[in-house]
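As numbered in the UniProt record's numbering, the sequence shown has no gaps in its residue numbers, which increase by one up to the final residue, 693. Remarks on the structure that follows.
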Amino acid sequence: MGLEIAGRAQLRVGYRINGSSFSGPCLFFEVQKIMDDLSPKPMSQRPSVPWRNSNNRVRSCGPLFTETDIQNMRNGMHASIYQFQGAHLDEVDGITGTRFAVWAPNALEVSVLTDANHWSHGRNALRPSDEGIWNGFVPDLAHGDAYKFGIKEQSGVVTERSDPFAFFQELRPKTASIVYDMSDFVWQDQAWMSRREMTDWMAQPISMYEVHLGSWKKPTDGREFFNYRELAHMLVDYCREMGFTHLQLMPVSEHPFDGSWGYQATGYFAPTSRFGTPHDFAYFVDYCHQANISVLIDWVPAHFPIDGHALARFDGTALYEHADPRQGFHPDWGTAVFNYGRNEVRNFLLSSARFWLEKYHVDGIRVDAVASMLYLDYSRNAGEWVPNEFGGRENLEAVRFLKDFNVMAHGDFPGILTVAEESTAWGGVSHPVYNGGLGFSMKWDMGWMNDSLRYMQLDPIHRAHHQNDLSFRMVYAFTENFVLPLSHDEVVHGKRSLLSQMPGDHWQQFANLRMLYGYQYTMSGKKLLFMGGELGQWHEWDHDGEIDWNLQGHKYHDGLRRYIGDLNELYRSQGALHELDFSGEGFDWIQCDDSANSVFAFLRKGQDKDDFLVVISNFTPVPRQKYRIGIPRPGFYSEVLNSDAGIYGGTNVGNLGGVYSEPVPSHGHKQSIEVHLPPLGIVAMKPMSMPNA
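In structure tokens form, the structure reads like this:
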């Protein structure tokens, strides 16, 4: 019998085990009788009896949690529960080992399974509490040792489970957890963390390079992956070369299936062992910070896989998920849906988010699939979902959880970012909670992405009939704090690469892609580009391969990569392109209705009223000579961007460095300039001299 308690025990304070004496708050007993009656009782009514360890002697200690801990857990607001649950190195009366705690309220028995006990259930049994958390201490279990929990379900079946709070996991296909201690890691990013806390990121340039660590670059020495430390050096060098300000990492949480890209996580507190240890991942973040590069991670609190070793029906019942499949099963991904109405689940997820921010110093969390969390009928037909208590389709528990997550994250970690991948018209996603919003820093603008790609995929001859696809965005552009994403989702599942989605011949495809990137970088909103987009890949992303580094050395691909680097430099150096990204004061249309020529022109403005850029785009392959554009004030306008420059692979149609204004009224302005618009090109003009007062 795996769970054995003493019906009659002789209390011995200072009892000696294996030659070691014990005293103090922990009492040790000698097991003399197995009780058959295991009916649950409140802790106050249970005798103070021990639970057997591998030496047939056990430890009985004081409460695992304080009253404050218990109250916070019961309120679903304990965001540091990883400090107690899981596996933690400990020392009891001079004996080193590991303290364990795991939530399994409906289990009959819970044991720790290790090499030392030959993975046998019952040898290292844990003791339950009123909160349904089983806990205990296993001597001699050390840093780096593998373990699982043996869970005896009500049916009598014993399943082997990974620790939901494990800090490290074995490399797939193995599934054991690993005792891990990060306390000796020495961070070197204090200067960065201090600056981050004082930075107003809303007014700063944010250019995110989205990376899947497993397929950015592959080793040539036979290894499957690079280590986090190697990747840190390579990615920092590359981001510096290309001018990106932020790394956006696709999920690094442990996951069993490579094809999920990390979005079906089983280790919510464990960086994947594919690329090394927790120390290695901490080094990755620390090294990026020392190079002034922010690190954001993807986080998936919307759903989790149903692998038998992980969270699904953890103790034989629906703990982390809803029992009703209309609420607890996601039809699109074949995954389980978290039960946000359960306080223990909220504690688990809030603690996961806090863990990455606190223990790994990440600069932000991008929350995946927020729309699937907000709506009970997401991807479900009539009769396949359960309305909320008011009969509506809104998931009220998920809304509360997201608000609490953002309040915790921003309140305790000033200067971090939270970003929502949210594709619906839900209002206030990036508004403060105190104003009725969900509290995210920013939200992906999926509407901009869809409209822009649909427009760019059209043959230029048809674009005249779709002018509103681009102009419509400004109707809603400042209702949220938007990120303009060209992410991994746009280059998979048969969609082809961005370059291959562009119409026309070889030259026109590159020109169109430069147009798209120029439009993204000059439009209001922060920027995100998925790896490989800067190279002009012909093939869509393959998570088992690497991006097409062999394209380097080819004229048009090198020109595109140089163009992205220059766009990042322009974006960072020009306050008009980032200071008022989320305010209508930073944008004005000059011309948005010239559908006959498929020309758009607008102003981007900085916090200084004299700081602005004039951006003009020609979405046809026909050059426009002496195209007149109204401007706010006279002076010389320098051409600071031309996507058709020869160094980018263009034809060098442009304005020979700049043009002077003329006192010719146009577009509601008293002054105007005549510019040469390159074919399938975008130019930006900056006033370099102002009239005397």
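Glycine included, each C-beta is placed from N, C-alpha and C at the ideal position.
*In this structure, does DSSP put residue 403 in helix, strand or coil?*
helix
*Between the C-alpha atoms of residue 604 and residue 101, what's the straight-line distance to the nearest angstrom?*
55 Å
_Using only the alpha-carbon positions, how far apart do residue 358 and residue 539 sit?_
Rounded to the nearest angstrom, the two C-alpha atoms are 38 Å apart.
_Among 105, 66, 198 and 261, the one whose alpha carbon lies nearest that of residue 545_ = 261
_Do residue 517 and residue 564 count as a contact pair if the criterion is CB distance below 9 Å?_
yes
_Please state the DSSP three-state secondary structure of residue 319._
DSSP, read as helix, strand or coil, puts residue 319 in coil.
*Please find out if some non-hydrogen atom of the ligand FAD comes closer than 8 Å to the beta-carbon of residue 498.*
The model on display carries no ligand, and the ligand FAD is accordingly not part of it.
*Looking at C-alpha atoms only, which residue of 666, 197 and 129 is the closest neighbour of residue 66?*
Checked all of 666, 197 and 129; the closest Cα to residue 66 is 129.
*In the structure shown, what three-state DSSP assignment does residue 495 receive?*
The DSSP-derived three-state label of residue 495 is coil.
*Could you please give me the residues that DSSP links to residue 674 through a beta bridge?*
628
_With 16 other Cβ atoms within 10 Å as the buried cut-off, status of residue 271_ = buried
*Close-in-space but distant-in-sequence residues of the same chain around residue 638 (CB under 6 Å, 5 per side omitted)*: So the list reads 658, 686 and 688, once near-sequence residues are dropped.
*residue 575, buried or exposed, once every other Cβ within 10 Å from all chains shown has been counted against 16*: Counting Cβ neighbours within 10 Å, residue 575 comes out buried, since at least 16 surround it.
_Check whether the region 655–675 and the region 619–631 are in contact - that is, three or more C-beta pairs closer than 8 Å._
yes
*Going by DSSP, name the residue or residues bridged to residue 527.*
207 and 484
*Pick helix, strand or coil for residue 549, following the three-state DSSP scheme.*
helix
*Should residue 599 be labelled buried (16 or more other beta-carbon atoms within 10 Å of its own) or exposed?*
buried
*Given that a residue counts as buried once 16 or more other Cβ atoms are within 10 Å of its Cβ, and exposed if not, what is residue 409?*
buried
*Where are the beta strand (DSSP E) runs, 3 residues long or more, that stay fully inside the region 178–233, in chain order?*
207–211
*Reduced DSSP secondary structure (H/G/I, E/B, other) of residue 398*: helix
*Per DSSP, what kind of secondary structure is residue 173 in: helix, strand or coil?*
coil
*Which of helix, strand or coil does DSSP assign to residue 159?*
strand
*Since residue 249 contacts residue 296 with CB under 8 Å, what's their CB separation in whole angstroms?*
With a beta-carbon spacing of about 7 Å, residue 249 and residue 296 fall inside the 8 Å limit used to define contacts.
_Distance check for residue 398 and residue 366, CA to CA, integer angstroms please._
16 Å
_Option in 385, 450, 171 and 198 with minimal Cα separation from residue 254_ = 171
_Classification of residue 283 by the beta-carbon crowding that lies within 10 angstroms, buried from 16 upward_ = buried
*Cross-strand partners of residue 443 (DSSP beta bridge)*: 420 and 482
*Reduced DSSP secondary structure (H/G/I, E/B, other) of residue 139*: strand
*Does the distance from the CB of residue 446 to the CB of residue 480 come in under 9 Å?*
no
_Can you tell me where the alpha helix (DSSP H) holding residue 697 begins and where it ends?_
Lying before the first or after the last residue shown, residue 697 is absent from the chain, which here runs from 1 to 693.
*How do the region 218–233 and the region 450–460 stand: do at least 3 beta-carbon pairs fall below 8 Å, yes or no?*
no
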